[in-house]
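Asks: Mind looking over this structure? Questions follow.
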Amino acid sequence: MGVYRVPSSILIDGVRKTYAAPGKDRIPLTLRAALRKSREPAAEVESIHAVDGVNLTVREGERVGIIGRNGAGKSTLLHMIAGLIPADEGKIDIRGKVHSVLTLGMVLREEATGRENIYLDAAIQDSDATETMVDKVIEFVELGDFIDRPVHTYSSGMKARLAFAMVAFIRSEILIIDEVLSVGDVHFAAKATRQMRELTDAGRIIIVVSHGLGSIVEMCNRCLWMDQGRIVMDGDPATVVAAYEQEIQDRDAASLRRKFDQGMQIPVSANGCEISVLRPMQPALGELVGISLQAMQETVFDVVGGGTSELSEPDLKLLISRVDGILIWQDTAACHGDPGVLKAAFQLRVKMDPFILGEGLYRVDAILLDGSKLICGRSTVFEVSDEEGQIGGRPMLYYPPTVRSRSIERLG
């Protein structure tokens, strides 16, 4: 009669891990300060929920990749599964021997040789370090003569090879790997992927954390996306990675737009001068909803301003920039008032026909100058859509726009 083997599994139920957030006044600098602080009421300590109510079941044969931004809780979860830190709440039930590579320093002994590390790790894991097994590890890592040299002489890539091979070939049911493979080369990463598939085909569980999203898709048959200590998506690696990349893009774009919306750090009025209006319009489309422009349509930018200060060399600069900071177009036009004095209101009209900009977010800046000195400015963010669809690369203006500048009667 054969021996019945209990299937390996990881069962996580409502697990939480909380840390106290470090504060500026956590460590007094002097004994007097410490004594004084001990008599003060205890300050409320802010908490960080590194892992917040995670529920997860992993069955044998699964290669699970975990992705997410820094601070999402990935490594904390791995450390709890590996038994290195306790959970504050919830239950973790591990069925099977766990072998983890969370950092290179936790696996390798720097003064020992590569060969000695293999034997030592096998002894710690209660595994039989047979010559056949050791030979397989040595063949896999392809370190040549370095296998009999101290590990502190290895490069980071060589250490990654040895650490992974020790986990993969020394018998355990559950393997946990945190970013170690990211320092290996492409050839080794391909070998590691094939080896992990063989291990999971034999019933072992592998959990991998990596910022290399392509590696997760290639290596894993399941993917978890963590954010703020929680699992927000669990499924096919290609699907989860695509959703994560889109969320990252949207979040970064929103942050970029907030910064973009702030415009120039120049006041709209200063030194008795101001730019009161900066307005893009498309006459053929009538009233605009928000600032949304159509590509290839006649477009007019109106700038209105004025002042009472004497400017010896009054001039107005107009610039169009893309949301990623690329300057698309700029030009200047003299403000026609009394020679040497800006006292009357002025209007600048820039006409672009057709308006050849690709789809995207842009900002137009109007800057009033006195020679090379910045006086005041105004910014307006606008969006361009293209019903025909984009057919090129970086948006460009291929024509000189028509610029008209004139004095008008003082506003108000």
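Be aware that the sequence shown starts at 2, since it is given in our numbering, and climbs by one per residue. Note that beta-carbon positions come from the ideal geometry of N, C-alpha and C, so glycine has one too. Remember, predicted model here, so these are calculated numbers, not experimental data.
1. So Glu199 is in the alpha helix (DSSP H); what residue range does that whole segment cover?
2. Nearest by alpha-carbon distance to Ile206: which of Gly215, Asp253, Ile178 and Lys192 is it?
3. Sort Val187, Ala285 and Gly69 by Cα distance to Ala296 and report the nearest one.
4. Taking all protein chains shown into account, decide if Leu163 is buried (16 or more other Cβ within 10 angstroms of its Cβ) or exposed.
5. Could you give the C-beta distance for Val305 and Ala255, rounded to a whole number, given that I count them as a contact under 8 Å?
6. Using CA coordinates, which residue listed in Gly74, Gly91 and Ser48 is at the minimum distance from Leu12?
7. Out of Val301, Leu358, Asp202 and Phe170, point me to the one whose CA is closest to Val324's CA.
8. Assuming Cys224 and Gly236 are in contact, meaning their beta carbons sit under 8 Å apart, how far apart are those beta carbons, in whole angstroms?
9. State the beta-bridge partners of Cys377 as determined by DSSP.
10. For a minimum of 3 consecutive residues, which ranges assigned as the beta strand (DSSP E) are wholly contained in the stretch 238-319?
11. Of all the options Glu311, Glu314, Pro315 and Asp332, which has the alpha carbon lying nearest to the alpha carbon of Ile321?
12. Indicate whether Ile82 and Arg116 have their beta-carbon atoms separated by less than 8 Å.
13. Is the Cβ-Cβ distance between Val210 and Phe170 less than 8 Å?
14. Gly74: which of Val55, Arg64 and Glu47 sits nearest, CA to CA?
15. Find out if the Cβ-Cβ distance for the pair Lys98, Ile175 is shorter than 8 Å.
16. For Leu103 and Gly145, what's the separation of their Cα atoms in angstroms?
17. In this structure, does DSSP put Glu112 in helix, strand or coil?
18. Output the distance between the C-alpha atoms of Cys336 and Arg231, rounded to the nearest integer angstrom.
Replies: On the basis of the supplied data:
1. By 1-based counting over the sequence shown, the position of residue 199 is 198. Per DSSP, Glu199 belongs to the alpha helix (DSSP H) from Val187 to Asp202.
2. Position 205 of the sequence shown holds residue 206. It is Ile178.
3. Position 295 of the sequence shown, counted from the start, is the residue given in the question as residue 296. Of Val187, Ala285 and Gly69, the residue nearest in Cα terms is Ala285.
4. The residue you call residue 163 lines up with position 162 of the sequence shown. So Leu163 counts as buried.
5. Here the question's residue 305 lines up with position 304 in the sequence shown. Here the question's residue 255 lines up with position 254 in the sequence shown. Not quite, the Cβ-Cβ distance comes to about 31 Å (not below 8 Å), so this is no contact.
6. Within the sequence shown, the letter at position 11 stands for residue 12. Of the listed residues, the one whose Cα sits closest to Leu12 is Gly91.
7. As a working note, residue 324 is residue 323 in the sequence shown. When only C-alpha atoms are compared, the closest one is Leu358.
8. For the purposes of this step, residue 224 is taken as the residue at position 223 of the sequence shown. For the purposes of this step, residue 236 is taken as the residue at position 235 of the sequence shown. About 7 Å; that satisfies the 8 Å criterion.
9. To locate residue 377, count along the sequence shown from 1; it is residue 376. Leu369.
10. 274-282, 293-295 and 300-308
11. Against the sequence shown, residue 321 aligns to sequence position 320. That would be Asp332, whose Cα lies nearest to the Cα of Ile321.
12. Working through the sequence shown from its first residue, we reach residue 82 at position 81. Working through the sequence shown from its first residue, we reach residue 116 at position 115. The answer is no: Cβ separation not under 8 Å.
13. Translated into the one-based positions of the sequence shown, residue 210 becomes position 209. Translated into the one-based positions of the sequence shown, residue 170 becomes position 169. Their beta carbons are not under 8 Å apart, which means Val210 does not touch Phe170 by this criterion.
14. Residue 74 sits at position 73 when you count from the first residue of the sequence shown. Nearest C-alpha to Gly74: Val55.
15. Within the sequence shown, residue 98 is the residue found at index 97, counting from 1. Within the sequence shown, residue 175 is the residue found at index 174, counting from 1. Going by C-beta atoms, Lys98 is nearer than 8 Å to Ile175.
16. Along the sequence shown, read from residue 1 onward, the residue named residue 103 stands at position 102. Along the sequence shown, read from residue 1 onward, the residue named residue 145 stands at position 144. Going by the C-alpha atoms only, they are around 25 Å apart.
17. If you number the sequence shown from 1, residue 112 lands on position 111. Three-state DSSP puts Glu112 in coil, outside helix and strand.
18. On the sequence shown, position 335 is the one that residue 336 refers to. On the sequence shown, position 230 is the one that residue 231 refers to. The pLDDT assigned to Cys336 is 49, lower than 50, so where the model puts this residue is not dependable; a value taken from the coordinates is nonetheless given after this. Their Cα atoms are separated by approximately 58 Å.
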